[in-house]
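For reference, the structure discussed in these notes is given below.
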Amino acid sequence: MKEKIKHLILQASNAAYLNGDLPSKAIFEIEVDVPKIASHGDFSTNMAMIMASSQKMPPRKIAEAVIKNIIDRDKILKKTEIAGPGFINFFINTSSWLPVIRKVHNENIRYGACNIGKGKKIQIEFVSSNPTGPLHVGHGRGAAVGDAVANILQFCGYDVQKEYYINDSGRQIHTLGKSVLLRYKALFGEQIEYPEDCYQGDYVSDYATEIKNREGEALLNQEEEMSIPFCARFAAKRIIKNIRQDLEAFGVHFDNWYSEQTLYDSGKVDAVIDDFRNKKMIYEKDGALWFKTTKYGDEKDRVVVRKNGQTTYFASDIAYHQDKFDRGFDRVIDVWGADHHGYISRVASAVEASGRDRNQFHVILVHLVNLLRGGEPVAMSTRAGEFVTLRDVVDEVGRDATRFIFLTRHYESPLDFDLELAKRKTNDNPVFYVQYVHARISSIIRKGKEDGFDNIPWDEKALATLNEPEEINLMKAMDRYPETLRSSATYMEPHRVTFYLMDLASIFHAYYNKHRVLTDDPVLSKGRLYMVRAIQKIIRNGLTLLGVSAPDKM
RNA sequence: GCGCCCGUAGCUCAGUGGAUAGAGCGUCAGCCUCCGGAGCUGAAAGUCGCUGGUUCGAACCCAGCCGGGCGUACCA
6 MKEKIKHLIL QASNAAYLNG DLPSKAIFEI EVDVPKIASH GDFSTNMAMI
56 MASSQKMPPR KIAEAVIKNI IDRDKILKKT EIAGPGFINF FINTSSWLPV
106 IRKVHNENIR YGACNIGKGK KIQIEFVSSN PTGPLHVGHG RGAAVGDAVA
156 NILQFCGYDV QKEYYINDSG RQIHTLGKSV LLRYKALFGE QIEYPEDCYQ
206 GDYVSDYATE IKNREGEALL NQEEEMSIPF CARFAAKRII KNIRQDLEAF
256 GVHFDNWYSE QTLYDSGKVD AVIDDFRNKK MIYEKDGALW FKTTKYGDEK
306 DRVVVRKNGQ TTYFASDIAY HQDKFDRGFD RVIDVWGADH HGYISRVASA
356 VEASGRDRNQ FHVILVHLVN LLRGGEPVAM STRAGEFVTL RDVVDEVGRD
406 ATRFIFLTRH YESPLDFDLE LAKRKTNDNP VFYVQYVHAR ISSIIRKGKE
456 DGFDNIPWDE KALATLNEPE EINLMKAMDR YPETLRSSAT YMEPHRVTFY
506 LMDLASIFHA YYNKHRVLTD DPVLSKGRLY MVRAIQKIIR NGLTLLGVSA
556 PDKM
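Numbering (this note's numbering), first residue to last: 6 to 559.
Listed below in structure tokens is the structure:
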């Protein structure tokens, strides 16, 4: 509907110029808004105020000229008015809202889809937790955000690939191997000092026991150069498997799992370093190799190869991001924890140095999750091995509530996640509020079938019975869904969908409370059934994009 | 010190140039012979951290302060 209004304004402005009502042809991007106050109409535009200086006319005069030239062929406008300093307010005929219901049914699960992506290949990499321990709630938030963004982008015409980057190389993996080996040795009665910087969780001992059962005491006599990598690979493999299972249980499925180690094995890291050395982007200083990230706005240059000859994480990241683009992605998105924000400029520099445009690379920073139980903070220490894992949370409060709550905030806002609250089935917990709409409508449909309303053919007369204010409100809300998705995709902000669904749910519940769908009048009942079924479809669409189920019964 | 993020109702948060700033929770007052009360209606509640600036118009943009978080490695 908003597009139609924009079209009318554009047409009117051109006509006004042609017949001399407006002196200038200059038409800007026309903004049409839904006013906050109902008395200001269904839509309004500020274009007359924006154009005042270029037209050299007072805004109200411009507004008059535009309104005079509007040709409303479809008779969607009930009236227009000029208000305040120069707003043009548009009031829509109630009957003009009706077609949205037909549209929802016709487009069905594609309702709200668009093609702003134009089929461009886009990769979104998220979670990418180190395989040194189980996923915690923070990773869960990243997973929920990344997955929802991916779904929304897909729905808006991008060709999306979801990737998990496995940091299976470097020091942390070495520490993991060492941790397991020490626990292993302890199983044979060796007196060992277990360092604080080793992984403390019980799972480390579990893997040690498993190795003991399979390999006996073979590792006791090996050099650590052999046994530590063995333990590391053994444990990492199992941890990755568990991570994958936890993510599947959370409803998150990746298209690709990419190993950091393969970047080294294939020589890509070395090749990138050589390449940039030749291009003088990498230079030697104090015995280390530095990348000139300052050239692209970073605060200081960054080390890629340490004095001791070991590469840094940044070295493989340069190769990794170059490889992403080499795989043909037009845009690359990384979802990181907010504590990594200091890393953005150096990776962005590397991307730019590789000849890509800066805005082809985008980082979504997901802020931390405070885990609470009944208002009290839950101890979370990875080192001490005391933490509630994502799996624990999903098992306790359920996948739907967990995912939905993660998406009830902008991702740059810290989030309190209260386990007791998440389990509550009240308005504290909006997931049920939204799902309840779906279940309620299913219930109405079941009841309707008993009353003989089954497979009802399309009937314009029935549709035309819809004219209650609450019904018009619902149609307006349905009409807003495509635009909500578009902005959610453009800004990569899934919480916009979450808020939309809560809003739609609220409007539905109010309607439900005031009016019956199944009435004594069969024509009216049919019309209302069309409408509620359309609402149900949107609720299901939206929840699906967020990775949340839409139950028929609760 | 420098950089990034945040500061909106008692609490948790929406709102990225428009008109009278919204929602949930909490508080108070109401609504079920009827499709699911996991629901609905109403009320009270605000100097949008502070001060300047930009303009017809600022919670939103700019500058400077004040508070909180994070980062500032030859860790990831």
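Here a beta-carbon is modelled for each residue, glycine too, at the ideal position from N, C-alpha and C.
- In this structure Ala515 is exposed. Its beta-carbon is surrounded by fewer than 16 other beta-carbon atoms within 10 angstroms.
- If the five residues before and after Phe259 are omitted, its C-beta is found closer than 6 Å to the C-beta atoms of Lys167, Tyr169, all from its own chain and listed in chain order.
- A Cβ-Cβ contact shorter than 8 Å links His500 with Thr413.
- The residues Gly182, Val185, Leu186, in chain order, have a CB closer than 6 Å to that of Cys236 in the same chain once the five nearest residues on each side in sequence are set aside.
- Rounded to the nearest whole angstrom, the CA to CA distance from Ser359 to Ile87 is 53 Å.
- By the C-beta density criterion, Thr503 is buried, having at least 16 other C-beta atoms within 10 angstroms.
- Residue environment: Gln250 is assigned as exposed (fewer than 16 neighbouring CB atoms within 10 Å of its CB, all protein chains considered).
- In this structure Arg188 is buried. Its beta-carbon is surrounded by 16 or more other beta-carbon atoms within 10 angstroms.
- Ala320 and Tyr269 have their C-alpha atoms spaced approximately 10 Å apart.
- Minimum Cα-Cα distance from Ala494 among the listed residues Asn172, Lys542, Gly380, Gly162 corresponds to Gly162.
- Between the alpha carbons of His367 and Leu490 lies a distance of about 19 Å.
- Scanning its chain for C-beta atoms nearer than 7 Å, with the 5 sequence neighbours on each side dropped, one finds around Trp262 the residues Tyr169, Ile171, in chain order.
- With fewer than 16 other Cβ atoms inside 10 Å of its own Cβ, Lys430 counts as exposed.
- Annotation: Leu376 to Arg176 spans about 29 Å, alpha carbon to alpha carbon.
- For the 8 Å CB-CB criterion, Ile93 and Thr85 form a contact.
- Looking at the DSSP output, Glu86 sits in a beta bridge with Asn94.
- Ser184: member of the alpha helix (DSSP H) spanning 176-192, first to last residue.
- Per DSSP, reduced to three states, the secondary structure at Gln128 is strand.
- With a cutoff of 8 Å on beta-carbon distance, Arg533 and Leu479 are scored as not near each other.
- By the neighbour-count criterion, in which 16 or more other beta carbons inside 10 Å mark a residue as buried, Trp463 falls on the exposed side.
- Going by beta carbons, Asp164 and Lys125 fall inside the 8 Å limit.
- Residue state for Ser448 is assigned as helix, using DSSP reduced to three classes.
- Closest in alpha carbon position to Thr299, among Thr317, Ser58, His346, Glu357, is Glu357.
- Assignment of alpha helix (DSSP H) within the stretch 220-273, counting only whole runs of 4 or more residues, yields 229-254, 265-270 in chain order.
- Following the DSSP letters along the chain, one finds Gly314 in no beta strand (DSSP E), marked with neither H nor E.
- Per the Cβ contact rule, the stretch 118-135 is not in contact with the stretch 217-234 (fewer than 3 Cβ pairs under 8 Å).
- A residue is called buried when at least 16 other Cβ atoms come within 10 angstroms of its Cβ; Thr316 meets this threshold and is buried.
- Here Ala293 is bridged, per DSSP, to Lys290.
- Here Gln440 carries a helix assignment [DSSP, helix/strand/coil].
- The closest CA to that of His144, considering only Leu420, Asn19, Ile477, is found on Leu420.
- Under the DSSP assignment, Glu425 falls in the alpha helix (DSSP H) whose first and last residues are 424-428.
- Nearest in C-alpha terms to Ile323, of all of Lys297, Val308, Ala355, is Ala355.
- Classified as exposed, Arg115 has fewer than 16 neighbouring CB atoms from the shown chains inside 10 Å of its CB.
- Close CB contacts of Ile349 within its chain, under the 6 Å cut and outside five residues either way in sequence, are with Val368 (chain order).
- Under the three-state reduction of DSSP, His141 is assigned to strand.
- Taking the Cα of Met559 as reference, the smallest distance to any Cα among Val522, Asn546, Phe437, Leu23 is reached at Phe437.
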